[in-house]
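What follows is one structure encoded as structure tokens, with my remarks underneath.
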Amino acid sequence: MKKFWKKRNFCLIAAAVVMLLAGCGNKDSEAGKLNNTQEDITGIEETGGSGSARGRYVEEETDLSDLLEQVKSMRLLLDGRLVITDSYRSLQVSEDQGTTWTKQSNGWLDERGDGVYILDIKMAPDGTLAVIYDDSAEGENGGEQEDEAEVDIETEANVSESLGGEEETEESLFHLDPKCVLIRPDGEVVPVFPELKEEDGYPVHFWISDSGRFFITSYGEDIYEVKQDGESELFLTVEGNPQLVQFMGDTMILDGYDFAAPLLYDMEKKEYVEDRVLTDFVAENYPDRQFNGGSWYDLYLFPGEEGTIYLAGEKGLYRHVVGQEETERLIDGALSRLGSPKYGLKDMIMLGEGEFLALFSGGKLVRFSYDPDIASVPAERLKVYSLKESYDIRVAAAAYQVQNPDVFVEYEIGMEEGGAVTREDALKKLNTRIMAGEGPDILMLDGLPVDSYIQKGLFLELDGFLEDFGEDKLFGNLIRASWKDEGIYGIPAKVAFPILLGKEKYVSDMKGLSAIADGIERLRRDNPGKDLLGICSEKGIMKIFASVSAPSWKKTDGEIDRDALSDFLTQTKRIYEAQMDGISEKSIERYNSASEYSVRDYGEDWEYDLSFYGGMSLNYIGDYQQLLIGLTTYPYDYFDLTSVHKAKGFEDACLMPMEGQSSKVFVPCTLLGINAASAKKELAEDFLKLFFGKENQYALGGFSINRAALEELFTPEEDYLGESGQYGSIGMIDEDGLEVYMDVYVPAKEELSEFYSWMESMDTPYIEEQVLERAVFEEGSKFILGQAGLEEALDAVEHRLAIYMVE
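Numbering (the working numbering), first residue to last: 1 to 807.
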């Protein structure tokens, strides 16, 4: 039987409980002293780069996804061969600089097969393998596991006990006992015994220098050197947790969590090398390096020729000679897949002058070769705009750029993250440009005053595009529902659905906002002191229920429906008061802690962002809240939600679409439209063809508007599928160190059928009207908290809207 469980069970969320979960060109720097090899893209005229400026890196992709699963490294050996190591697959070797690849057997790995979980595996230049692995899941009979159904039931039964009962789970999913070995090319196995400090936890990464020195890092700040006999000693302690260690001769290049900038450490002199240019460049361009749990790198540093460091990330590829005053740009991220968030960079090496090889998540191997004859900047330009940065647009822009090297997709963001530009300022600037005939060709409509723009005739009607594309290939009913009877002016990339999940005796009757308030009041009577919703904020409660109520706040003539607003505020006040009635201080502290984190990272307005309100099933399984309210946004999320009732003790869980003052509500996401005044309508439509095509829609994930892409997204990978339908596990550790975990199953046939009925039948779009909602939430907050009467709050809302209309 395939031991799929190890692969998924150890990919857990090792974090404290967070009650709200997220859902749906370079600047020249005086500090960094950038000296680019080509002109800044933003300074090129509309004619593009077809003049004298020539020379650019071109890309050639090789798909290794059938050979790779969880890549750990790519190494150039002393004999010229390339080797890719992978936690779950065989070694892959190339003798022709990455053109073709063949499997290479290793006796130690072959003997263990699926019997071990490999945390890290890397190869030294001489062919020695360094492996960190855990075999605690092996049974007595060669690693054979007990019957999985029995194990799963026992695991689920321990959930509530580990949270608050007298008995705790015997074996933690979060605590491993890894072993380390070196495997010589001749087959000799050398056990490694790193004597880590208690605060280090356990070994996580091997790092190997070009001269064959071995180092180990953990969850701590210490770096240990491993000797040839397997013994180890403390080599260096840094401030932060190393996540990337590279070697440039005798210089160790270090980066990781809590590093303000990469460090250079001379291993022979045992001292740090100061390089202010490198430090300032990273601080300017990559200040928030996340390392993505070790899965891929926001910024990947690797050595090149003597004394040279290369830096690769979304901004492109840069070259820096240590000690010099310049950082030279070789590849602009805006013209490369390096700028796409779809491609997580795993490893990159220099093959020779003018040639690099990059390995991305998903098994994509890309060769970057310099072509001196191609225009440095494409002659054609397509302008794409969104108010806030969009992952979906970045992915599609990079894909279109790669497929159409003669077109530069210029992506403009109205409100850069961390910038001082307000929404009002960004819209004024956009309106001025559009009216002057200088607006973008394609606009993402999310956050824009769409009704006003349509009335002014600023968007191209897309009925013809939809017919040419093939409406039957998309969920045309959702597209047309987004625009009622006024024509199609934007097409959503995907949709989300507001949902409720809780005990059937409460949830089944929650149909309508008043009924939800009734049910939550009943929940409070039956659950004194408990957190019901996971939201301890009146504005947060208004925001989530606005997703199923705001479509009813306007009459058919566009005027505000005061009666509807009155009912909304009345019912959300009931819900808020029931939630806060007798709630424990610990629940409030947990929410406030999450809120402080969100304010720090996302700003004061994070509560107005619907993407923060996801339905996190572990909060329900762990008894942190009695009702899940939020959005479901992508297929695995739906797998997760439909698995709750399969966990022991939660068979009475009921999942259903949420209804408020409106019913059959869906949330269209990433709505794209075309500027009616664009001179490049054909090019814009060509971009939309790629954007809504199956390949791109599959890459974006989510509940795709493309039927074929959605079907593929809902199709489980056979290698991960257990006999009982189990598809993985999810888990977390709360702030007290208590664990919650749950097995995730592929939805049953009737559950998939239910979901597709949502896709086919929902007919009421929730499209945020920010000005209206802000007025309702801020004035309604005073009513809910008892600082104003209902009529006073309604008058204040109407007054604010009247002022806005005048302005």
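Positions of the beta carbon are idealized from the N, C-alpha and C atoms, including for glycine.
On the three-state DSSP scale, how would you describe residue i?
i	result
G115	helix
K749	helix
F302	strand
R319	strand
R394	helix
R872	Limits of the chain in this structure are 1 at one end and 807 at the other, which puts residue 872 out of reach.
I309	strand
N285	helix
D186	coil
R522	helix
I331	strand
I516	helix
Y88	coil
Q104	strand
L83	Before going further, note that residue 83 is Val rather than Leu in the sequence given. Looking at V83 - three-state DSSP - the assignment turns out to be strand.
Y400	helix
D63	strand
K197	coil
K812	The structure shown does not extend to residue 812, since the chain is modelled only from 1 to 807, so the question has no answer here.
K364	strand
Using a Cβ-Cβ cut-off of 7 Å (strictly less than) and excluding sequence neighbours within five positions of residue i, which residues of its own chain qualify?
i	result
P242	T217, I223, L254 and G256
K694	N706, A708 and A709
D275	L264, V322 and G323
D200	S218, Y219, G220 and D222
Q787	none
I803	none
F687	L382, Y400 and I442
A546	E773
By the DSSP assignment, the beta strand (DSSP E) with residue i in it spans what residues?
i	result
L359	E355 to F360
R600	Taken as a continuous stretch (DSSP letters only), R600 belongs to no beta strand (DSSP E), being part of the alpha helix (DSSP H) at E585 to Y602.
E412	V407 to I413
L129	L129 to D134
K494	I491 to K503
S73	V71 to L76
I349	L345 to G352
Excluding sequence positions up to five away, which residues of its chain have a Cβ less than 6 Å from the Cβ of residue i?
i	result
L236	I223
W814	Past the edges of the chain, shown from 1 to 807, lies residue 814, and the structure says nothing about it.
I588	C536
G307	V321 and V322
G439	R433 and N675
K103	S90
N285	K315
D347	S73, M74 and L359
Based on DSSP bridge pairs, tell me the residues matched to residue i.
i	result
V58	S369
W207	F215
N675	F459
A375	R54
M510	DSSP lists no partner for M510.
R266	Sequence inspection shows Asp at residue 266; the Arg mentioned does not correspond to that position. Answer by DSSP bridge pairing, in chain order: T251 and E271.
D120	I132
V192	C180
Y297	L345
S94	L82
Examine chain C for any beta-carbon lying closer than 8 Å to the beta-carbon of residue i, and answer yes or no.
i	result
R276	Looking at the structure shown, chain C is missing, and only one protein chain is on hand.
Using a Cβ-Cβ cut-off of 8 Å (strictly less than) and excluding sequence neighbours within five positions of residue i, which residues of its own chain qualify?
i	result
D135	R112, G115, V116, Y117, G143 and K179
L690	A396, A399, Y400, Q403 and N696
G457	A676
E416	E389
What residue does the alpha helix (DSSP H) around residue i start on, and which one ends it?
i	result
D780	The sequence shown places Gly at residue 780, rather than the Asp named in the question. Note, G780: alpha helix (DSSP H), Q770 to I784.
S340	Careful: S340 lies outside any alpha helix (DSSP H) and carries neither H nor E.
K383	K383 -> not in any alpha helix (DSSP H); beta strand (DSSP E) instead, spanning E380 to S386.
D686	K681 to F691
Exercise for review: Run through the region 434 to 478 for me and flag every whole beta strand (DSSP E) of 3 or more residues, listed as ranges in chain order.
Suggested key: 442 to 444
Check your understanding: Which full runs of the alpha helix (DSSP H) of 4+ residues lie inside the region 526 to 581, going along the chain?
Key -> 538 to 546 and 562 to 580
Practice item. Note down, one range per segment and in chain order, each alpha helix (DSSP H) of at least 4 residues found wholly within the region 696 to 766. Key: 707 to 713 and 749 to 761
Point to revise | beta strand (DSSP E) runs wholly inside the region 220 to 255, at least 3 long, in chain order | key: 222 to 226, 232 to 237 and 241 to 248
Practice item. Just list the alpha helix (DSSP H) runs in the region 597 to 670, keeping only unbroken ones of 4 residues or longer that don't cross its boundaries, in chain order. Key: 617 to 621 and 635 to 643
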